[in-house]
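> I have a structure here, written as structure tokens, and I will follow up with some questions on it.
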Amino acid sequence: MDVFTTQYERKDMSEKQKKIDKKNVLYLVLAGVALAFIVLVAYIVISANNSGATTEETGTTAKVSSSASSVSSASTSKYVEGKDYTVKYSNDGVIDKASVDEAMTATGVNNYDNDMDTDGGNYAKIELYYNKSKNVIIQKLFQTGYQNNEPTVIIAYDLSTKKQIESHIGRLYYDNQPLVYTWTNNTVK
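According to our numbering, the residues represented by the sequence shown are 10 to 198, in order.
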């Protein structure tokens, strides 16, 4: 019956068909954008839930761990601060904390899991002193079973050269110098 329709009716039908096509394309684009948005939000939520990063207070400092639990067996660290070991910074007005941390990182002393393990350091305590005149941090490491308050190992780190001192570290380096950091293994009796 299209043959008998007038020219105006045919023109009117083609415009309606064009409007319907434009609406369908618009709906299709909107549906695609909405789907992409939903996928993006789902990805962000899943990523945030899987990261599990939390902040633990470490004395006057903050440390990031990869577990929200403070139970030793549930965390990525074998040992938990406050339960298995304690850390005390006493560097106020003496030296900045970043320098103390730099010396510990450079010499590997701040690996607490290794420091506590019997196959690692097996330390009962670690003390750091700061010699201002030499700009050196002296690390006294006491292995489990130490006697007469004598350290098992003494390490010195020169903050000026950013290197560990390889020569003998005598008492002149650390006697009468301020104690700036103490780590204590609480599992040692």
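Think of the CB as a built atom: it goes at the ideal place given N, C-alpha and C, for glycine as much as any other residue. Bear in mind the structure is a predicted one, so any value in this text is a computation, not a measurement.
Tell me the residue span of the beta strand (DSSP E) that contains Tyr155.
Note, Tyr155: premise wrong, no beta strand (DSSP E); not H, not E.
> Let me know the secondary structure DSSP gives Leu168 once reduced to three states.
Three-state result, Leu168: coil.
> I want to know whether the stretch 185-192 touches the stretch 128-145 - three or more CB-CB distances under 8 Å.
These segments touch.
> So is Ile178 in contact with chain B if we call contact Cβ pairs under 7 Å?
This model lacks chain B altogether; it includes just one protein chain.
> Going by beta carbon distance, what residues of the same chain come within less than 8 Å of Leu168, once the five residues before and after it are set aside?
Here the set comprises Ser108, Glu111, Ala112, Asn144, Val145, Ile146.
> Is Leu181 near the ligand ZN, judged by its Cβ being under 6 Å from some heavy atom?
What this structure holds is no ligand at all, so the ligand ZN is not there to describe.
> Would Val197 and Thr161 qualify as a contact pair, given that the criterion is a beta-carbon distance under 7 Å?
Against a cut-off of 7 Å, the Cβ pair of Thr161 and Val197 comes out as no contact.
> Starting from Tyr138, trace the alpha helix (DSSP H) in both directions and tell me its first and last residue.
Premise fails: Tyr138 lies in the beta strand (DSSP E), 132-140, not in any alpha helix (DSSP H).
> Could you tell me which residues DSSP pairs with Glu90 in its beta bridges?
DSSP lists Tyr94 as partners of Glu90.
> Would Ala71 be called buried (16 or more neighbouring beta carbons within 10 Å of its own) or exposed?
Because the pLDDT of Ala71 is 37, which lies under 50, any placement of that residue in the model is unreliable, and the number read from its coordinates should be weighed accordingly. Counting Cβ neighbours within 10 Å, Ala71 comes out exposed, since fewer than 16 surround it.
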